[in-house]
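Taking it in order: structure first as structure tokens, then the write-up.
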Amino acid sequence: MDSSPDYSRLIQSDSVHASLYTSQAVYREELEKIFYRGWVYVGHESEIPHPGDFVRRNIGEEPVILLRDRKGELRVLKNRCSHRANLICSDGKGNAKNFMCPYHGWVFSLDGQLLDVPYPQGFSRDKSESGLVALPLVDSYQGFVFASFNAGAGTLDAHLGNAKQVIDRAVAMSPVGRIKLTAGWVKHKFYANWKMLPENDTDGYHVNFVHASFAKVLRSHYDDAALQAEEDLESETIDWGNGHTELNLGPSYKNEMVWLGYTDASRFPGYVAALEQAYGHGRAHETLRAGPPHTVIFPNLFIAEMNIVMFEPRGPNECVQWHTPMLLEGVSDDLNERILRQCEAALGPAGFLLADDGTISERQQIALKSGNAWLDISRGEQREKEGPGDIRVGHVTDETTNRGFWKHYRRLLSR
Amino acid sequence: MQLVSIEEVRRIEALLYQEARLADESRYTEWEGLVDDDMYYWVPAGHADGDPSLAVSVIADNRRRLKSRIAQLNTGARHAQLPASPMRRVLSNIEVNKVETPKEQGTREYAVRANFVLYELRAQSTNTLEVWPGSVEYRVRARPSGDWKIFYKKVQLVHGSEPLATMGFLI
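Chains E and R are the protein sequences, given in the same order.
First residue of the first sequence: 1, per UniProt numbering; consecutive thereafter.
First residue of the second sequence: 1, per UniProt numbering; consecutive thereafter.
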């Protein structure tokens with residue numbers, strides 16, 4: 001393999017090199033240093049509520065199974081038979097008592113132990129050493145499950161850092177503090193590098209241009225949050241550290257529930273009452289006004305207001321964005337259905353927003369195909385402010401989020 | 001199930017072929033002229049073929065949202081269809097059944113199934129050919145006035161549960 005690219009040269013504080021989006025060598029290093037060495041989001045506990053429940057996922061390009069074992073513990077296993085590397089599980093989700101490899105019939109328990117080998121006289125190895133690979137680190141925060149292939153990745157607490165309070169804000173949209181990801185997933189393929197997803201998803205500068213057609217035909221919360229004159233915009237870009245970045249739209253909202261497309265909360269009196277009961281009048285109404293976060297949690301989770309989004313890399317020139325509505329526990333079916341319909345309107349291959357984002361990302365990928373160019377991420381450097389706890393805060397149209405992403409990326413890739 | 005005459009089948013086929021041609025040619029407003037006020041336009045996400053009030057779909061447009069979708073395309077600023085994708089679809093295996101109890105009294109109603117393959121040139125970005133195969137279910141309404149309208153279209157993509165390329169057009 002070629003020597004490692006010089007990341008301190010390719011990533012400047014105000015610009016990044018095109019090869020970071022196109023090079024196979026860079027892509028292989030990202031898999032190793034970001035997806036296999038660090039913490040990665042794999043799923044939500046509400047997707048696997050009962051013992052034996054599982055979902056198939058990919059961490060980087062490694063197929064894994066996220067499951068709840070007999071004791072109710074969360075586990076992540078490599079989805080690969082320890083014998084001849086067949087996929088142990090081909091269903092996207094389900095409930096299992098154990099996993100049997102369809103190739104030669106080896107049977108594994110939900111914690112990955114090898115239980116049975118057909119025609120055992122020819123098997124001379126130790127069963128206890130032939131189990132499925134279980135990821136050494138699996139932890140969850142507020143139901144969001146993260147895992148790492150690397151036992152030395154540190155604590156999830158340290159990885160999340162400031163992003164914990166973002167997750168807290170998301171689950172506090174529910175009066176019982178719980179969300180449920182039970183509506184299934186839509187997967188949207190971009191012929192573009194995966195880093196375009198976190199970068200574009202917290203870019204507040206493009207909204208007026210990429211989403212002009214949306215803004216022309218539909219009134220939405222983005223009218224206040226991202227479509228005003230520069231001096232009137234009160235939203236912010238935030239670099240929370242560790243590569244976690246936010247488009248903080250809340251400061252722009254004057255009325256309650258504009259983030260769900262309403263002019264006030266009168267349509268959902270039960271929801272208002274439940275939030276007041278749970279959190280007290282003041283906090284409940286602040287939640288109703290400010291709404292959910294719009295935050296990327298490095299490297300592959302996007303809490304996209306009332307949606308949960310996952311990023312999946314598929315080589316330097318292709319990626320997939322998964323999405324599902326962030327349904328709330330403790331609210332009416334009516335409210336959850338509204339969240340579901342808003343999710344479909346915004347996201348996915350035919351979404352009023354993401355279809356246009358996808359197209360622009362693909363055009364970027366074509367434009368930087370030669371790998372011989374620089375991308376400017378300097379906007380707003382001169383007016384960025386330092387916030388409490390070492391965070392950086394910029395104008396909503398500024399590239400504070402891009403700089404936050406790349407600063408963390410450079411630290412990881414330079415190791 | 002009531003018997004459907006050759007004439008009725010011909011009339012419905014003509015409607016579906018017209019609908020397909022207008023969609024292929026990105027003639028959005030003319031296409032909208034073929035659908036009724038209670039139109040439901042649904043593209044489930046593959047396996048998520050269940051209740052659209054519980055499962056997320058690729059598209060689940062009621063009439064109002066469909067109107068917005070077409071208005072967005074008509075702005076001329078919908079990047080995902082700028083320029084519009086050159087497309088051609090082939091419709092086949094058409095089966096027509098008459099519905100005994102129409103949703104709207106005093107009309108005739110038909111449940112129609114077909115297979116389709118759509119070829120799309122992604123002219124806005126990659127300039128590659130995308131293939132969209134699937135089955136489609138229509139509900140068609142014939143009013144005594146001779147007015148024929150589609151009021152339900154469900155597109156079940158063969159690869160709906162897999163990652164799908166951007167799909168800004170009318171499928």
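Backbone N, C-alpha and C define an ideal beta-carbon position, used for all residues, glycine too.
Within the stretch 137 to 167 of chain R, S161, E162, P163, L164, A165, T166 and M167 place their CB atoms closer than 8 Å to a CB of chain E, listed in sequence order. Taken atom to atom, the span from the alpha-carbon of S68/R to that of V217/E is near 6 Å.
Under the DSSP definition of a beta bridge, P118/E lacks any partner. Assigned with DSSP and collapsed to three states, G43/E falls in strand. Within the stretch 256 to 276 of chain E, no residue places its CB atom closer than 9 Å to a CB of chain R. If you draw a straight line from the Cα of L10/E to the Cα of T22/E, it comes to about 13 Å.
For C89/E, the nearest beta carbon of chain R is not closer than 9 Å to its own beta carbon.
Around the CB of N127/R, fewer than 16 other CB atoms lie within 10 Å, so the residue is classed as exposed. If the five residues before and after G72/E are omitted, its C-beta is found closer than 8 Å to the C-beta atoms of P51, all from its own chain and listed in chain order. Flagged as an interface residue toward chain R: G184/E, by a C-beta distance shorter than 9 Å. Chain-order list of chain R residues neighbouring I360/E: H79, by C-beta distance under 8 Å. Straight-line measurement puts the Cα of Y41/R at about 10 Å from the Cα of I150/R. Between F169/R and S26/R, the C-beta spacing is below 9 Å.
When rounded, the separation of the alpha-carbon atoms in L375/E and P198/E is 15 Å.
Residue pairing by DSSP puts N95/E in a beta bridge opposite D53/E. Per DSSP, K216/E lies in no beta strand (DSSP E); the unbroken alpha helix (DSSP H) holding it starts and ends at A212 to V217. Sixteen is the threshold: since fewer than 16 other Cβ atoms of the shown chains lie within 10 Å of the Cβ of L115/E, the residue is exposed.
Looking at the backbone, the Cα of G261/E and that of I339/E are separated by about 10 Å.
With contact defined as three or more Cβ pairs closer than 8 Å, the stretch 55 to 64 of chain E and the stretch 403 to 412 of chain E are not in contact. Setting aside the 5 residues that flank it on each side, A96/E is surrounded in the same chain by G52, F54, L67, C89 and L110, each with a C-beta closer than 8 Å to its C-beta; the list follows chain order. Counting the other CB atoms within 10 Å of its CB gives D390/E a total below 16, which places it among the exposed residues.
Our two residues, D334/E and R267/E, have alpha carbons roughly 10 Å apart in a direct line.
Look at the stretch 54 to 66 of chain E: it has no residue with a C-beta under 9 Å from a C-beta of chain R. Residue environment analysis places Q24/E among the exposed positions, since fewer than 16 neighbouring C-beta atoms fall within 10 angstroms of its C-beta.
The beta carbon of P63/E sits closer than 6 Å to those of N79, all from its chain and outside the five residues before and after it, given in chain order. Any Cβ of chain R closer than 9 Å to the Cβ of G94/E would place that residue at the interface, and such an atom is absent. Within 7 Å of the CB of L218/E, the CB atoms of chain R belong to S68, in sequence order along the chain. If you look at S361/E, you'll find it in the alpha helix (DSSP H) that goes L354 to A367. Spatial neighbours of R289/E in its own chain (CB-CB distance under 6 Å, excluding positions within 5 residues in sequence) are listed in chain order as Y253 and E256. In the structure shown, F35/E adopts helical secondary structure according to DSSP, grouped into three states. Near chain E, meaning a CB-to-CB distance below 7 Å, the residues of the stretch 116 to 132 of chain R are Q124, S125 and T126.
A distance of 9 Å or more separates the beta carbons of K385/E and R379/E. For F352/E, the chain R residues whose Cβ falls inside 8 Å of its Cβ are S68, R69 and Q72, in order along the chain. Rounded to whole angstroms, the gap between the alpha carbons of K103/R and P144/R is 15 Å. W259/E sits away from V56/R, with the two beta carbons spaced by 9 Å or more. Bridge partners of K385/E according to DSSP: V393/E.
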